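When the letters of the sequence shown are read in order and numbered with UniProt numbering, they come out as residues 1 to 181.
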Amino acid sequence: MAITTSGQRPLVFLRVLGYFLIWVFSAAALGVLANKLFVSTSAGNLCAYTHVSYCQWGIAASAIGMVAYLLLDGLLILYLFVELPSAAVRLLELVANILALAWYLAFAIVMSVGVSDTGITSNSNLNAPPALAWICFVLIAGMVVCVLVDNWDAEEKRDDSPDDVEGPAATKAKPEPTEDI
1 MAITTSGQRP LVFLRVLGYF LIWVFSAAAL GVLANKLFVS TSAGNLCAYT
51 HVSYCQWGIA ASAIGMVAYL LLDGLLILYL FVELPSAAVR LLELVANILA
101 LAWYLAFAIV MSVGVSDTGI TSNSNLNAPP ALAWICFVLI AGMVVCVLVD
151 NWDAEEKRDD SPDDVEGPAA TKAKPEPTED I
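What follows is the structure, given as structure tokens:
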């Protein structure tokens, strides 16, 4: 497991930005669901325009996604300043992104079906969570591609670099320069 610095891998900065955007869009979806649609009354919970399960599931899904990407973004920001094993970070990112890809696909589909069941197409509060979930899904797919490209570049650089020579040949003394007078 090689330890590399962030300057050797410029795609880290792109991924930090991408994870931050996913976090922001997840927080926005959570905000719309929790503040605009979900209403808790003395008679029980209500979800404006649609079923309560739509709001509850959306709040849970966006909160889990938001926390996951906040942690992943924090890990990458730490990786920018502290040398961590790059292969382990890429593997963790790849696994987290593939799981999140499936999570956000389910999130986007459930939110889209919930909106289509209402028959209301012009309510921005109702349309925002599925739209934000689809945006996150596309961003996560892009981040998976970035991780794979970064991993592929790291593998190629490792294959292209000459092997370090060990043993007596590596410790051969250089001749000292002589001056002609």
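Ideal Cβ placement from N, Cα and C applies to all residues, glycine included.
Predicted model only: the values in this text are computed from it and were never measured.
- If you ignore the 5 residues before and after residue 141, its C-beta comes within less than 7 Å of the C-beta of 101, all in its own chain and listed in chain order.
- Taking a cut-off of 8 Å on C-beta distances, the stretch 76-90 does not touch the stretch 105-123, as fewer than three cross pairs fall below it.
- No residue range can be given for residue 120, since it is assigned to no alpha helix (DSSP H) and is classified by DSSP as neither H nor E.
- Per the Cβ contact rule, the stretch 68-77 is not in contact with the stretch 29-37 (fewer than 3 Cβ pairs under 8 Å).
- Counted as a single uninterrupted DSSP element, the stretch harbouring residue 33 is not any alpha helix (DSSP H), since DSSP gives it neither H nor E.
- At least 8 Å separates the beta-carbon of residue 149 from that of residue 15.
- The beta carbon of residue 128 lies closer than 6 Å to those of 32 in the same chain, with the five residues before and after it left out.
- When the five nearest sequence neighbours on each side are left out, the beta carbons in the same chain lying within less than 7 Å of the beta carbon of residue 104 are those of 65, 133, 136, 137 and 140, in order along the chain.
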